[in-house]
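Chemist: The structure's right below; bear with me while I get my questions together.
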Amino acid sequence: MKKTVITYGTFDLFHIGHLNLLNNLKSLGDELIVAVSTDEFNTLKGKKTIVPFEDRIEIVRNIKSVDLAIPESDWQQKEKNIKEFNVSIFGMGHDWQNKFNDLKVFCEVIYLPRTEDVSSTSLKQKLKILDRSHITDLKHTLDLISSIVERFE
Ligand code: C2G
């Protein structure tokens, strides 16, 4: 019987942490389904994203390990998805450790190690430093420091 694995996430600024998780999950079964959080659901999660949903799901859809990508639009759809796709394994990164144990009545629930030192949040911070307005702020600060130094010369 085909072993289907499912996972859920935002997958903003798709990075190696996401790829490692998807590849690890696919290695546990024959088919991997990924539910990608819609922009509206991310607002519910209190999560701001850079990349719009249509692009995030299209990127995930084209990852070699992914067999099907579907929208994640609410917290309650997991049980329905597990039943409709006859899922054997529900998997997430361990930052969600024990948060979805209620699904154990429907399928195996696993939490895999996260990839260290990379996250959408850290990438956004790095991008922010490159942002023009940030450079303008830095220039103003330097001008202020220069004017202070001149007074003491
Ligand atoms: N992840 C990882 N290593 C990282 C970053 C993320 O293994 N360095 C994993 C997370 O643990 C998660 C998946 O990649 O299992 C997707 O991460 P996010 O896009 O941040 O997903 P999140 O916003 O946590 O949404 O209903 C569940 C939620 O939709 C999960």
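For our numbering, add 277 to where a residue sits in the sequence shown, where the first one is 1. Ideal Cβ placement from N, Cα and C applies to all residues, glycine included.
Go ahead and pull the three-state DSSP assignment for residue 284.
Modeler: On the sequence shown, position 7 is the one that residue 284 refers to. Correct three-state label for residue 284: strand.
Chemist: Between the segment 294-308 and the segment 373-382, can you find at least three pairs of beta-carbon atoms closer than 8 angstroms?
Modeler: Contact between the segment 373-382 and the segment 294-308 is absent, because fewer than three Cβ pairs lie under 8 angstroms.
Chemist: Per the DSSP calculation, residue 348 is bridged to which residue(s)?
Modeler: In the sequence shown, counting from the first residue as 1, residue 348 sits at position 71. 313.
Chemist: In chain order, what residues of the same chain have a beta carbon less than 7 angstroms from the beta carbon of residue 386, not counting five sequence neighbours either side?
Modeler: Here residue 386 corresponds to residue number 109 of the sequence shown, with the count starting at 1. Contacts found: 367, 377, 378, 380.
Chemist: Any heavy atom of the ligand C2G within a distance shorter than 7 angstroms of the CB on residue 324?
Modeler: The residue you call residue 324 lines up with position 47 of the sequence shown. Yes, the ligand C2G has a heavy atom inside 7 angstroms of this Cβ.
Chemist: Relative to the C-alpha of residue 341, which candidate in 309, 415, 363 has its C-alpha closest?
Modeler: Translated into the one-based positions of the sequence shown, residue 341 becomes position 64. That would be 309, whose Cα lies nearest to the Cα of residue 341.
Chemist: Can you tell me whether DSSP reads residue 323 as helix, strand or coil?
Modeler: If you number the sequence shown from 1, residue 323 lands on position 46. In this structure, residue 323 counts as coil in the three-state DSSP scheme.
Chemist: Quick one: is the Cβ of residue 395 within less than 7 angstroms of any heavy atom of the ligand C2G?
Modeler: Reading the sequence shown from its first residue, position 118 is the one you call residue 395. Within the cutoff, so yes.
Chemist: Inspect the beta-carbon positions of residue 282 and residue 365 and report whether they are closer than 8 angstroms.
Modeler: Mapped onto the sequence shown, residue 282 falls at position 5. Mapped onto the sequence shown, residue 365 falls at position 88. Cβ atoms of residue 282 and residue 365: closer than 8 angstroms.
Chemist: Checking 8 angstroms against the spacing of the C-beta atoms, do residue 343 and residue 299 come in under that value?
Modeler: Numbered from its first residue, the sequence shown carries residue 343 at position 66. Numbered from its first residue, the sequence shown carries residue 299 at position 22. In contact: residue 343 and residue 299 (Cβ atoms closer than 8 angstroms).
Chemist: Mind listing, in chain order, the continuous alpha helix (DSSP H) runs of no fewer than 4 residues lying wholly within the segment 349-407?
Modeler: The segment 349-407 contains these whole alpha helix (DSSP H) runs: 354-361, 397-407.
Chemist: Considering only the alpha carbon of each residue, which of 293, 278, 345, 329 lies closest to residue 285?
Modeler: Along the sequence shown, read from residue 1 onward, the residue named residue 285 stands at position 8. Answer by Cα proximity: 345.
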